[in-house]
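Add 260 to a position in the sequence shown, counting from 1, and you land on the number used in this note's numbering.
Glycine residues also receive a C-beta, built at the ideal position from the N, C-alpha and C atoms.
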Amino acid sequence: MAIVIERNKGLQRRSEEQFGLECPYCGIYSHMTPQSVPEFDQLHEDQPKHVGLVYQCDACLAPVFLRFGVKQYFENAIELNRNFIELERPKERFAFSYLPQHTETLFREALSCYSNNNFNAFASMCRRAANSSFAAMGENGKMRAFDEVMVAQNIAEIDDRSFDPIKRVLFNSGEEDSLPLLNHAQAGILLEVLKDLFYQCFVRRGKLTRAIKVRRFFVREGNNSLRPSA
Numbered sequence: 261m262a263i264v265i266e267r268n269k270g271l272q273r274r275s276e277e278q279f280g281l282e283c284p285y286c287g288i289y290s291h292m293t294p295q296s297v298p299e300f301d302q303l304h305e306d307q308p309k310h311v312g313l314v315y316q317c318d319a320c321l322a323p324v325f326l327r328f329g330v331k332q333y334f335e336n337a338i339e340l341n342r343n344f345i346e347l348e349r350p351k352e353r354f355a356f357s358y359l360p361q362h363t364e365t366l367f368r369e370a371l372s373c374y375s376n377n378n379f380n381a382f383a384s385m386c387r388r389a390a391n392s393s394f395a396a397m398g399e400n401g402k403m404r405a406f407d408e409v410m411v412a413q414n415i416a417e418i419d420d421r422s423f424d425p426i427k428r429v430l431f432n433s434g435e436e437d438s439l440p441l442l443n444h445a446q447a448g449i450l451l452e453v454l455k456d457l458f459y460q461c462f463v464r465r466g467k468l469t470r471a472i473k474v475r476r477f478f479v480r481e482g483n484n485s486l487r488p489s490a
């Protein structure tokens with residue numbers, strides 16, 4: 261799927277495939293329509309390494325800003341790399357109310373780093389959030405968390421080499437210098453693994469406990485209503 265800016269035709273996608281993203285404003289996965297493209301002549305004269313394009317979300321009509329690397333300049337066309345950077349990412353959602361307060365604060369900051377493409381700051385905050393959760397779970401909290409993460413690796417079928425940076429972020433102790441540098445893909449894996457860990461250790465338990473309390477309440481109310489009046 262080549263993306264090309266042509267001298268006389270503007271932005272062209274040499275594929276019938278539709279272009280869609282999760283909108284950072286409405287949160288809907290929607291088709292994106294090109295809205296603003298830099299002038300070809302100016303780009304060709306300056307030849308920057310990156311080009312910014314503005315798309316419009318077809319669901320809410322909001323502008324979505326993307327940055328593309330330039331693959332090659334031709335006489336009458338500029339070919340862009342297929343990969344791009346979303347300058348504004350959708351906010352990550354999570355059932356924060358089930359987390360311990362300190363863990364919630366750190367995890368919210370971690371997600372903010374991720375949404376702003378600050379992936380190594382995200383890794384640092386993930387380590388702090390994970391350590392906070394281990395303390396909240398008690399004496400064997402870290403071991404329990406490690407077991408949950410290993411289950412997640414097995415379910416997702418992630419090989420040990422790819423998964424090693426994730427384990428180092430979450431479970432290694434020591435100075436911040438020991439944190440591995442993460443790329444976008446690795447940060448995405450770390451995000452999903454930590455969300456799953458927190459769900460299994462806090463959200464699932466909280467939801468189940470709440471549901472059982474509600475069931476017991478209605479059972480008691482039902483029993484009281486069946487008692488004969490004096």
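Cβ-Cβ distance between residue i and residue j below 7 Å
i: Leu366; j: Met385; result: yes
i: Pro350; j: Gly280; result: no
i: Phe394; j: Ala405; result: yes
i: Val311; j: Phe334; result: no
i: Ser430; j: Tyr374; result: Per the sequence shown, the amino acid found at residue 430 is Leu instead of Ser. No, Cβ-Cβ distance for Leu430 and Tyr374 is not below 7 Å.
i: Asp318; j: Ser357; result: no
i: Leu326; j: Leu340; result: no
i: Ala370; j: Ala390; result: no
From the options, residue whose alpha carbon lies closest to that of residue i
i: Ile345; options: Phe354, Phe478, Phe379, Leu430; result: Phe379
i: Ser372; options: Arg353, Ser357, Gln361; result: Arg353
i: Phe300; options: Lys331, Ile265, Ala381; result: Ile265
i: Ala383; options: Arg465, Arg404, Gln295, Asn432; result: Asn432
i: Gln332; options: Ala262, Lys269, Ala370, His362; result: Ala262
i: Asn336; options: Glu399, Leu271, Pro294, Arg480; result: Leu271
i: Lys269; options: Val324, Ile338, Asp306; result: Ile338
Coarse secondary structure for residue i, derived from DSSP in three states
i: Val236; result: Residue 236 is absent from the structure shown; the chain starts at 261 and stops at 490.
i: Ala337; result: strand
i: Phe458; result: helix
i: Gln307; result: coil
i: Ile345; result: strand
i: Glu364; result: helix
Spatial distance of residue i from residue j (CA atoms)
i: His362; j: Arg428; result: 22 Å
i: Pro308; j: Tyr285; result: 29 Å
i: Val330; j: Pro294; result: 17 Å
i: Tyr315; j: Arg475; result: 49 Å
i: Met403; j: Asn443; result: 27 Å
i: Val453; j: Val409; result: 7 Å
i: His304; j: Ala447; result: 34 Å
Environment of residue i [buried if 16+ CB atoms lie within 10 Å]
i: Ser296; result: exposed
i: Met292; result: buried
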